[in-house]
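Residue numbers (the working numbering), protein chains in the order written: chain A, 502 to 862; chain B, 502 to 862.
2 protein chains.
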Amino acid sequence: MYTASHHSCTDGKNVLAEGVLAVLRDLEHRSADELLRMSDDYGFRADLAAACHALTSRAYDDGDRAALEEVHGALALIYDREFSARPVQESDHEREPILRDVAAVLERAVLGHELRRIPESSVTGHPESGPEYVRWLKAVISDHPAGWHPLYHRHLAEHGSTDDLRLLLAQETSLDPRFDDILALLQIGRHGAEKMEIAANYWDEMGNGEPAGVHTTLFSQALEAIGADSAYIRREFLLEAGISGNISACLALSRRHYHKAVGYFGVTEYLAPRRFRCVVDAWRRHDLDEVGIVYHDLHIGVDAGHAAGWFKNVIGPLVSADPAAGRDIALGAMIRLNTSRDYLDTLLERMRAGAPVPTGV
Amino acid sequence: MYTASHHSCTDGKNVLAEGVLAVLRDLEHRSADELLRMSDDYGFRADLAAACHALTSRAYDDGDRAALEEVHGALALIYDREFSARPVQESDHEREPILRDVAAVLERAVLGHELRRIPESSVTGHPESGPEYVRWLKAVISDHPAGWHPLYHRHLAEHGSTDDLRLLLAQETSLDPRFDDILALLQIGRHGAEKMEIAANYWDEMGNGEPAGVHTTLFSQALEAIGADSAYIRREFLLEAGISGNISACLALSRRHYHKAVGYFGVTEYLAPRRFRCVVDAWRRHDLDEVGIVYHDLHIGVDAGHAAGWFKNVIGPLVSADPAAGRDIALGAMIRLNTSRDYLDTLLERMRAGAPVPTGV
């Protein structure tokens, strides 16, 4: 037993020299017994945690872009396991303890970075009654640079090309293909009208029981219609879109992040209609296949209702019941707004570089 | 930093002398900073894992009942965190890495014990086409001693008292109050008709959007009508019911247990109608408040439909797509049948001791 453990330890440590992401990729090929030994090897676990701390320090203290990519590559791999079906042949392959350790260190750094960007004054001093808080939060969202971002409301609305639409939809794969599962997770342990609001939103995502109306199916049709296949998405996917996707997953997966998640996804629902309006207009201007725009067209109306319900039945009552919840909800909203802005800024730059805006426009 | 870590280590180790459950209870009162130091203290983590191994060895190798109770008390505490809302004041309290380590060792022992009770011949040699597999599995369920258990089909049907009904409903709190969330978890990462089947089952649990029809609400009404309050439930709750509840949570929480979960909850759905028929008959024989039996009465019909859909749209297609899935599904079904039998055997003994069967019957 000791020999086996020692052997596994050496194995894990050898891979560790290649980095945190290399360790996670190596875990994919380990047998159930090897994984068990590695989980039980707390020398290896401590070394892996130290490597995670060193990685996040390079990413966030030193501003090392490659390290930042490794942080988010590692988190994307971990979340992909949480949100996807596992083959029956791997039912005894237990990677959770090691992955949870890694995720804990990386998530703390990612969220810590986002929280440091938010001025305390922007999340305190808010109204303490639910309805007034909701009005306040809506103003915070619309006043933020991400509230009416030029990518949607100028570039796409006025002269977005089909290449731009393809590039945008490729980035949206960071959230939309798992939004139903995110809602399913958010409602766990909640009660009453609050739970029902999220449940009904989930059921809408599932086409209200109509297979042809399932939103992930409609979103796939949009990708297909615009020619964004998996090779294209892999090639063109921006780090900033990956960061948004990772934070979405992080906040949904743990019960303790619920209040931040409620603010975060409240922003998503609230901004979707105005943003999707610009996507639909650009799509139709290019006379693209209507089948590909059903998803976005549908969400203009549906998400207006979802946002209204989210504010009325989730956010308002949470704040009325405990005003202390207002700060965490606002933090979540600000995290979404800031990361959305980063991502749209980068994407807009990329669109402008890829297809120069006609002079004189 | 080292001093702090060393200090926390000593703290954790002091508590560890009192057992695994004491450590988990102690975590409830730790500050966010203390929890962080304990998570990063791999000496403490290794000692805690060793304590978990020692505990499961006493429970399962030595047959120590107190140790078995501690194993399941610890798991119940961990799962309760996963299935319940966390206060906003604890959003920075990260206990997941430590709890996942503990759960991993305990779950392996609990599932290992159940798997050793299942003869390999009972889960292999099954048909390889979906529809034939379903027929085979239904026969396995009905032929098992839990398929027509005397608690329901003799004791309760013929002379179950209101005390018996109260005792039974108290045990059912191990699963029913979180069945909606279990379905929400099961459907994560699935697709097509399989995902829709579980989604529709979830939406049924949510009263199809009608607050008064939410099944957890109806179940609470049943508890209230029969006088099973939380103090009564705490006092009368059987270890065997806790084991069932823990295995239900374990199989639902991890993607890699999906196939076992599908077999496990397939049994639950398939047996509910015939079992609930007996509960409803006993309830009405005692002329109890009808409001309390809506839940069980409803499920006689609803779960017949759910079971049919579960077999047709989930189990059948999984086996047709990959016959290797059949073994894991059957293992899950057998785990449910065996633990259900244990629990019903113990409960029936308790009912008979509590209210002796009239002689001559």
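Backbone N, C-alpha and C fix where the C-beta goes; we use that ideal spot for every residue, glycine too. Everything numeric in this text was worked out from a predicted model, so none of it was measured.
Out of curiosity, what's the CA-to-CA distance linking residue i and residue j?
i: lysine 514/A; j: threonine 840/A; result: 34 Å
i: phenylalanine 709/B; j: alanine 809/B; result: Note on residue identity: the sequence assigns asparagine, not phenylalanine, to residue 709/B. Each residue's Cα considered, the two are about 19 Å apart.
i: tryptophan 637/A; j: proline 628/A; result: 7 Å
i: arginine 851/A; j: serine 731/A; result: 19 Å
i: tryptophan 649/B; j: glutamate 608/B; result: 28 Å
i: leucine 686/A; j: leucine 578/B; result: 19 Å
i: leucine 849/B; j: glutamate 591/B; result: 41 Å
i: valine 815/B; j: alanine 854/A; result: 48 Å
i: arginine 842/B; j: glutamate 741/B; result: 9 Å
i: aspartate 798/B; j: aspartate 846/B; result: 24 Å
i: tyrosine 580/A; j: arginine 735/B; result: 37 Å
i: cysteine 779/A; j: aspartate 681/B; result: 37 Å
i: arginine 596/A; j: serine 540/A; result: 8 Å
i: glycine 520/B; j: phenylalanine 545/B; result: 13 Å
i: lysine 639/B; j: aspartate 829/B; result: 15 Å
i: aspartate 644/A; j: glutamate 711/B; result: 37 Å
i: glutamate 621/B; j: aspartate 804/B; result: 30 Å
i: phenylalanine 584/A; j: tyrosine 759/B; result: 12 Å
i: alanine 555/A; j: leucine 616/A; result: 20 Å
i: leucine 652/A; j: histidine 692/A; result: 38 Å
i: alanine 694/A; j: threonine 625/B; result: 46 Å
i: alanine 762/B; j: leucine 838/B; result: 13 Å
i: threonine 663/A; j: proline 774/A; result: 20 Å
i: threonine 717/A; j: isoleucine 794/A; result: 13 Å
i: serine 623/B; j: leucine 832/A; result: 54 Å
i: leucine 517/B; j: leucine 569/B; result: 17 Å
i: glutamate 725/B; j: valine 715/B; result: 16 Å
i: proline 824/B; j: glutamate 791/B; result: 45 Å
i: phenylalanine 777/B; j: alanine 551/A; result: 54 Å
i: alanine 586/B; j: glutamine 688/A; result: 9 Å
i: glycine 631/A; j: glycine 574/B; result: 38 Å
Assuming the contact rule is C-beta atoms closer than 8 Å, residue i and residue j should be a hit. Round their C-beta distance to whole Å, please.
i: isoleucine 836/A; j: isoleucine 748/A; result: 6 Å
i: valine 781/B; j: alanine 834/B; result: The Cβ separation is near 25 Å, so there is no contact.
i: isoleucine 594/B; j: alanine 523/B; result: The question names isoleucine, but residue 594/B in the sequence shown is histidine. Rounded, the Cβ-Cβ distance is 18 Å, inconsistent with contact.
i: glycine 802/A; j: tyrosine 634/A; result: Not a contact, Cβ separation roughly 25 Å.
i: arginine 667/B; j: alanine 729/B; result: 5 Å
i: tyrosine 765/A; j: leucine 752/A; result: 6 Å
i: tyrosine 561/A; j: histidine 614/A; result: 5 Å
i: phenylalanine 738/A; j: alanine 647/A; result: Not a contact, Cβ separation roughly 20 Å.
i: methionine 697/B; j: methionine 707/A; result: 7 Å
i: alanine 610/B; j: valine 641/B; result: Their Cβ separation, rounded to whole angstroms, is 25 Å, which puts alanine 610/B and valine 641/B out of contact at 8 Å.
Check for me: the alpha helix (DSSP H) holding residue i runs from which residue to which?
i: lysine 639/A; result: 631–644
i: isoleucine 734/A; result: 731–737
i: valine 603/A; result: 597–617
i: glutamate 621/A; result: Here glutamate 621/A belongs to no alpha helix (DSSP H), and DSSP marks it neither H nor E.
i: aspartate 804/B; result: 795–810
i: serine 749/A; result: 740–754
i: alanine 783/A; result: 759–786
i: proline 628/B; result: Taken as a continuous stretch (DSSP letters only), proline 628/B belongs to no alpha helix (DSSP H), as it is neither H nor E.
i: serine 592/A; result: Premise fails: serine 592/A is in no alpha helix (DSSP H) and is neither H nor E.
i: valine 820/A; result: 817–822
i: histidine 716/B; result: 716–727
i: arginine 863/A; result: Past the boundaries of the shown model lies residue 863/A; chain A is included only from 502 to 862, so the question cannot be answered.
At a Cβ threshold of 7 Å, is residue i touching chain D?
i: serine 558/A; result: In summary, chain D is missing from the structure at hand, where the protein chains are A and B.
Cβ-based contacts, 7 Å cut-off: residues of the segment 820–839 of chain A near chain B: Those residues of the segment 820–839 of chain A that come within reach of chain B (Cβ to Cβ, closer than 7 Å) are Asp823, Ala825, Ala826 and Asp829.
The segment 684–704 of chain A: positions lying closer than 9 Å to chain B by Cβ: For the segment 684–704 of chain A, the beta-carbon criterion of a distance under 9 Å to any beta-carbon of chain B is satisfied by Leu684, Ala685, Leu686, Gln688, Ile689, Gly690, Arg691, His692, Gly693, Ala694, Lys696, Met697, Ala700, Ala701, Tyr703 and Trp704.
Interface residues of the segment 711–727 of chain B facing chain A [CB-CB below 7 Å]: Of all residues in the segment 711–727 of chain B, those with a C-beta nearer than 7 Å to a C-beta of chain A are Pro712, reading in chain order.
In chain order, each alpha helix (DSSP H) run of at least 4 residues that lies wholly inside the segment 508–590 of chain B: Counting whole runs of 4 or more residues, the segment 508–590 of chain B contains the alpha helix (DSSP H) stretches 521–528, 533–541, 543–557 and 566–584.
Give, in chain order, every unbroken run of the alpha helix (DSSP H) that is at least 4 residues long and sits entirely within the segment 662–693 of chain A. The DSSP assignment places 663–673 and 680–687 as complete runs of the alpha helix (DSSP H) inside the segment 662–693 of chain A, in order along the chain (cut-off: 4 residues).
Short-range partners of chain A found in the segment 748–762 of chain B, where Cβ spacing is below 9 Å: From the segment 748–762 of chain B, only Ser755, Arg756, Arg757, His758, Tyr759, His760 and Lys761 have a Cβ closer than 9 Å to chain A.
Chain B contacts made by the segment 519–547 of chain A, where a contact means CB separation under 7 Å: Listed by position, the residues of the segment 519–547 of chain A near chain B (Cβ gap below 7 Å) are Ser540, Asp541, Tyr543, Arg546 and Ala547.
Against chain A: residues of the segment 603–616 of chain B by CB proximity under 8 Å: Answer in chain order: Ala605 and Arg609.
Which residues, in order along the segment 779–794 of chain A, keep a beta-carbon less than 7 Å from a beta-carbon of chain B? Answer set for the segment 779–794 of chain A: empty.
What residues from the segment 652–679 of chain A come within 7 Å of chain B, judged by C-beta to C-beta, listed N to C? The residues in question: there are none.
Going along the segment 558–587 of chain A in order, which residues come within less than 8 Å of chain B, judged by CB to CB distance? For the segment 558–587 of chain A, residues whose beta-carbon sits nearer than 8 Å to a beta-carbon of chain B comprise Arg582, Glu583, Phe584, Ser585, Ala586 and Arg587.
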